[in-house]
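In our numbering, the protein residues as written are 4 to 191.
All C-beta atoms, glycine included, are put in the ideal place defined by N, C-alpha and C.
Right, one structure below, let's go through it.
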Amino acid sequence: MISLYDYIKKDWSVAGNVSSKLIIFDLDDTIINTTAEINIVKNNEVIKTISNSEFNTYELKPGESFDFSQFDDPKILFKERFTRYWNTLKREYNRGTHISIITARNDASMIREFFLRNGIDIKQELVFAVSSPDFMYQGTIAQKKAKVIKLLSRLGYNTMIFFDDNEQNLKAAKKLENKNLKIHTIKV
Ligand SMILES: [Mg+2]
């Protein structure tokens, strides 16, 4: 069986160009000011709702679980407003810089569609939704994002810029740096 790595390495270009430089963006509270909220559920009832930024530090109490259904609703996503980093993304896109989205959401095709509707065509293979149930890696969000970044480095990207609002995600990525791989992390 052919590995995912071999599969994508076969034809690794974006709009016909190869590159050793890649810019990676998180989505929620990095490119968009996320209004989708997370429900806290206990005994099958929503007991409270928290914002995406509150989620970064929320600790579940006994019997509680998260419900992310608002993040799966395209009607909410397609109406979200952009942060100022949207301009960074657009500028780099127009220069032909390779761009990747690595998000804790679970539907990569919905995210690609969101960017397409806004005039940005990101290669589907460079959109990673790490909470997808069939995602190739296990672990925390930060660990999964770091594993994706490691895969991307094996594809030939040796200079990366990574924008994320979550400190853990940035720290995990920064640890991958070595003499052949530079990762410039930017806290949004
Ligand atoms: Mg985020």
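Once you ignore the five residues that flank V49 on each side, which residues in its own chain have a CB closer than 8 Å to its CB? N42, I43 and D70
To the nearest angstrom, report how far apart K178 and S16 are at their CA atoms. 26 Å
For D168, verify whether its CB is less than 6 Å away from any heavy atom of ligand 1. yes
Less than 7 Å between the beta carbons of F165 and A176, yes or no? yes
Sorry if obvious, but does the Cβ on T91 come closer than 6 Å to a heavy atom of ligand 1? no
Are the beta-carbon atoms of V130 and R115 separated by less than 7 Å? yes
Checking 7 Å against the spacing of the C-beta atoms, do K190 and N172 come in under that value? no
Along the chain, where does the alpha helix (DSSP H) containing E170 start, and where does it finish? E170 to K177
Within 8 Å, do at least three Cβ pairs link the segment 95-104 to the segment 74-87? no
Excluding the five sequence neighbours on either side, which residues of its own chain have a C-beta within less than 7 Å of the C-beta of F117, listed in chain order? L80 and F81
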